[in-house]
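The structure under discussion appears below in the form of structure tokens.
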Amino acid sequence: MEDESGNEGDGYTMSDSPLALWRIEISKSFQNYLDRSAPHLVRRWLVTLIAAVIYIYRVYYANGFFVVSYGLATYILNLLIGFLSPKVDPELEALDPSAASETSKDPDEFKPFVRRLPEFKFWYAATKAFVVAFVMTFFSFLDVPVFWPILLCYWLFLYFLTMKRQIVHMIKYRYVPFDFRKKRYAGNEKPSSSNSSQGDENTTHT
């Protein structure tokens, strides 16, 4: 009995330790901040822009960390492609006869564009990437000496090649990854980071 009660007591202490409670509170507060920031698109991207400017100034001041910058730019490009791509690839739909028959029932029906990477997740991942890259610039062993114009030319080549393929894909399957119509929310419902991750699925179309 004493061992069992002792084990239970230890388990209770482990689960309710001050460090664990502190981590839970920090996690809840951070998630609450994300939920409240979800509808403020312009403000959120301004924060990302400020983070990007700070990082660029840090790299310029340090005159190094070009490999880190190349990795960051490539990661941002990958996020951008996910943001511009549909959740379901039209090429896969074309290979599926059942899906093709369902989509061809009413060709005039408007179908909202659902992104593979929703805007909120794109913003969050990009902002976090700039913060992590900024922290990495304080570790000298990550400053690998390299001729940065080569990396720049290679990234520009990768960017134009990737965007060309994306634009050709958009023209071929006739979709536009932007919807400029205003979103509407029923009643007093407000968007949050959880429902923002659903992309354009929450948009009410007229």
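Note that the sequence shown covers residues 121 to 326 in our numbering. Cβ atoms here follow ideal geometry from the backbone N, Cα and C, with glycine treated the same way.
Exercise for the section: Quick one: grab the DSSP three-state call for Asn127. Expected result: Taking the first residue of the sequence shown as position 1, residue 127 is located at position 7. In this prediction, Asn127 scores a pLDDT of 48, lower than 50, which makes its location untrustworthy; no coordinate-derived value is stated.
Handout entry: Own chain, CB closer than 7 Å to Val179, minus 5 neighbours either side, in chain order
Key = In the sequence shown, counting from the first residue as 1, residue 179 sits at position 59. Only Phe185, Ser189 and Thr257 meet the Cβ criterion.
Handout entry: Rounded straight-line distance, which links the Cα of Ser157 to that of Leu204
Key = Position 84 of the sequence shown holds residue 204. Position 37 of the sequence shown holds residue 157. Across the structure, Leu204 and Ser157 are spaced so that their CA atoms are roughly 22 Å apart.
Problem - Runs of beta strand (DSSP E) lying entirely within the region 243-289, each at least 3 residues, in chain order - result: none
Problem - Cα-Cα separation, Leu272 to Phe280 - result: On the sequence shown, residue 272 is found 152 positions in, with the first residue counted as 1. On the sequence shown, residue 280 is found 160 positions in, with the first residue counted as 1. When rounded, the distance between both Cα atoms is 12 Å.
Exercise for the section: State the Cα-Cα distance for the pair Pro138 and Gln286, rounded to the nearest angstrom. Expected result: Against the sequence shown, residue 138 aligns to sequence position 18. Against the sequence shown, residue 286 aligns to sequence position 166. Going from the Cα of Pro138 to the Cα of Gln286 covers about 50 Å.
Exercise for the section: Enumerate in chain order the residues of its own chain whose CB-to-CB distance from Ala246 is below 7 Å, with the five nearest sequence positions on each side excluded. Expected result: On the sequence shown, position 126 is the one that residue 246 refers to. Answer for Ala246: Thr168, Ile196 and Leu199, listed in chain order.
Handout entry: Short Cβ contact (7 Å threshold) for Ala182 with Phe250
Key = Locating residue 182 in the sequence shown gives position 62, where the first residue counts as 1. Locating residue 250 in the sequence shown gives position 130, where the first residue counts as 1. Not in contact: Ala182 and Phe250 (Cβ atoms no closer than 7 Å).
Problem - Proximity below 7 Å, CB of Leu237 to CB of Gly202 - result: Here the question's residue 237 lines up with position 117 in the sequence shown. Here the question's residue 202 lines up with position 82 in the sequence shown. Contact: yes.
Practice task
Output the distance between the C-alpha atoms of Lys207 and Arg235, rounded to the nearest integer angstrom.
Solution key: Taking the sequence shown and counting its residues from 1, one reaches residue 207 at position 87. Taking the sequence shown and counting its residues from 1, one reaches residue 235 at position 115. Going from the Cα of Lys207 to the Cα of Arg235 covers about 5 Å.
Practice task
Give a yes or no on whether the C-beta atoms belonging to Phe254 and Tyr175 are separated by under 7 Å.
Solution key: Taking the sequence shown and counting its residues from 1, one reaches residue 254 at position 134. Taking the sequence shown and counting its residues from 1, one reaches residue 175 at position 55. Yes, Cβ-Cβ distance for Phe254 and Tyr175 is below 7 Å.
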